[in-house]
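As numbered in our numbering, residues 1 to 325 make up the sequence shown, in order.
Beta carbons are placed, not taken as given, at the ideal position from N, Cα and C, and that holds for glycine.
Contents: one structure, followed by commentary.
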Amino acid sequence: MRILITGGAGFIGSHLAEAYLENGDEVYIIDDLSTGSLDNIVHLREPYRKKLFVHVDTIMSRNMMLELVGTCDVVHHLAAAVGVEYILDNPLASITTNIQGTEIVLELCNKFKKRVLIASTSEVYGKHMHAPLVETDNIIYGPSSKFRWSYAASKLMDEFMALAYFRTTGLQVTVARLFNTVGPRQTGSYGMVIPRLVKQALRNEPLTVYGDGNQTRTFTDVSDVVWAFMRMVENKEAFGQVFNVGGIEEVSILNLAKRIIEACGSSSQIQFIPYDKAFGKDFEDMQRRVPGIEKIANLTGFDPKADLDVILTKVIRYMRSHLKE
Ligand code: UDP
Numbered sequence: 001m002r003i004l005i006t007g008g009a010g011f012i013g014s015h016l017a018e019a020y021l022e023n024g025d026e027v028y029i030i031d032d033l034s035t036g037s038l039d040n041i042v043h044l045r046e047p048y049r050k051k052l053f054v055h056v057d058t059i060m061s062r063n064m065m066l067e068l069v070g071t072c073d074v075v076h077h078l079a080a081a082v083g084v085e086y087i088l089d090n091p092l093a094s095i096t097t098n099i100q101g102t103e104i105v106l107e108l109c110n111k112f113k114k115r116v117l118i119a120s121t122s123e124v125y126g127k128h129m130h131a132p133l134v135e136t137d138n139i140i141y142g143p144s145s146k147f148r149w150s151y152a153a154s155k156l157m158d159e160f161m162a163l164a165y166f167r168t169t170g171l172q173v174t175v176a177r178l179f180n181t182v183g184p185r186q187t188g189s190y191g192m193v194i195p196r197l198v199k200q201a202l203r204n205e206p207l208t209v210y211g212d213g214n215q216t217r218t219f220t221d222v223s224d225v226v227w228a229f230m231r232m233v234e235n236k237e238a239f240g241q242v243f244n245v246g247g248i249e250e251v252s253i254l255n256l257a258k259r260i261i262e263a264c265g266s267s268s269q270i271q272f273i274p275y276d277k278a279f280g281k282d283f284e285d286m287q288r289r290v291p292g293i294e295k296i297a298n299l300t301g302f303d304p305k306a307d308l309d310v311i312l313t314k315v316i317r318y319m320r321s322h323l324k325e
C-alpha cells in the first residue's frame with residue numbers, strides 16, 4: 001500500500017513511517033519541518049530509498065497535496081501545530097495550520113475517496129477534574145483570553161469537520177484523540193514534560209515542575225500509539241468514530257519528577273515554577289488527564305505494552321546517547 005503521512009518527519013509521524021516501511025509499504029511524507037526534523041527520518045532514507053518519498057512542504061500547498069493524496073491509498077493526518085509552548089508562541093499560525101490544513105486534507109481525501117485518520121488530541125476535553133475521560137464526555141474550556149484553549153478549539157473543529165464529511169459524503173475517516181505520547185526522538189523544545197525533565201536530570205540540573213506538581217497525566221509509548229493507528233485506519237467499524245488513544249497509569253508531575261531523578265541516578269533537586277512564570281498570566285493548565293480506553297480496546301484489542309517504567313527507561317537510554325553527541 002501507499003501511505004501518506006502528513007507531519008511524517010515529526011516525532012509520532014516518523015515512528016509511524018518506520019512501522020509502515022518495515023511492513024513493506026511505500027511511505028510518502030509531507031512535512032514543513034516547523035516542529036518536525038529530517039533528523040527523525042534520516043536513518044530510513046538509505047535502507048528504504050525506493051519506498052520512502054519525502055516532500056518538505058506545507059499541507060496548505062494544495063497542489064502538492066492534490067498529487068500526494070491522489071497517489072496514496074491511505075492518509076494519516078498528523079501535521080499540526082503541537083506543544084503548549086509552540087501554540088502560545090505562534091497563536092495565529094497554529095490556528096491556521098490546524099483548521100485550514102485539515103480542511104484541505106479532508107476535502108482531498110473526499111475527492112479521491114481515500115481512507116484517512118485524523119490525529120486529534122486529549123486537549124479537546126478541556127479542564128475536567130474527573131477520570132477517566134470518555135469520548136462522549138462534555139468539553140469545558142476557559143475563556144478566549146486564555147490562549148491555550150485555541151488549540152483545543154481548533155482540533156475540535158477538525159473533529160467536527162471529519163465527522164461532518166462522514167455524515168454527508170460517507171468519507172472513511174476516523175479520529176484519534178491522543179493523550180500524552182512519549183518515546184525516543186521526542187524533543188522537550190516545545191514543552192513536552194518527559195524529555196525536558198529527563199534531560200535536566202541527566203545534566204544534574206533542577207527539574208522544573210510547573211505549579212504545585214499535583215496535576216496528573218498518563219503517558220503512552222509511541223510504539224503503542226503507532227500500533228493503534230495502523231489498526232484503526234483499516235477498520236470499517238472505526239469510520240465516523242472518535243477514539244481515545246492513551247496510557248493507563250495516572251501519575252502526578254511531582255511524582256514523575258521524583259521517579260525520573262531516581263531512574264537517572266541524578267543529584268538534581270526539584271524546582272517549583274509558578275505557571276505565570278513559565279507561560280505568562282493568560283495560561284491555564286489541565287489538572288487531570290486520564291483516558292478511558294475501553295472503546296479502542298473493544299475495536300482493536302489495544303492494550304498498551306509499555307508501562308511508565310519501561311517508557312522512562314527507553315527515553316533515558318535515548319537521551320543518554322543523544323546528550324553525548
Ligand atoms: N510540565 C512541567 N515542567 C516542564 C514541562 C511541563 O511541570 O518542564 C507540566 C505541564 O505544566 C503539564 C504536564 O507537565 O502539567 C505535561 O506537560 P506537557 O507540555 O508535556 O503536555 P500537556 O499535557 O500539558 O499537553
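D32 is not a Cβ neighbour of I3, given a cutoff of 7 Å. In this structure V182 does not touch F229 by the C-beta definition: roughly 16 Å separates them, more than the 8 Å allowed. The shortest CA-to-CA distance from N98 to any of K258, N110, T58, H130 is the one to T58. Short note on Y86: C-beta not closer than 6 Å to any heavy atom of the ligand UDP. Secondary structure note for Y151: its alpha helix (DSSP H) is the uninterrupted segment 148–169.
Non-local beta-carbon contacts of E123 in its own chain, meaning distances under 7 Å to residues more than five positions away in sequence, involve Y151, A152, K155 in chain order.
Between F302 and the set M232, I260, G280, the nearest pair of CA atoms involves M232. Between P184 and Y318, the gap from beta carbon to beta carbon is short of 7 Å.
When only Cα atoms are considered, M65 and E294 end up about 35 Å apart. Rounded to whole angstroms, the separation of the alpha carbons of N110 and V56 is 24 Å. According to DSSP, H55 shares a beta bridge with I30.
Taken atom to atom, the span from the alpha-carbon of K51 to that of A162 is near 29 Å.
Using a Cβ distance threshold of 7 Å, R288 and T216 count as a contacting pair.
The beta carbon of A19 sits closer than 6 Å to the beta carbons of V226 from its chain, once the five residues preceding and following it are set aside; these are given in chain order.
Fully contained in the stretch 244–323 are the following beta strand (DSSP E) runs of length 3 or more, in chain order: 270–273. In this structure, the alpha-carbon of H76 lies about 39 Å from that of G265. Within the same chain, Cβ atoms closer than 7 Å to the Cβ of T121 are found at K155, R177, L178, the five residues on either side in sequence being excluded. The three-state reading of DSSP puts R49 in coil, since its state is none of H, G, I, E or B. If you ignore the 5 residues before and after Y125, its C-beta comes within less than 7 Å of the C-beta of L133, D137, I139, all in its own chain and listed in chain order.
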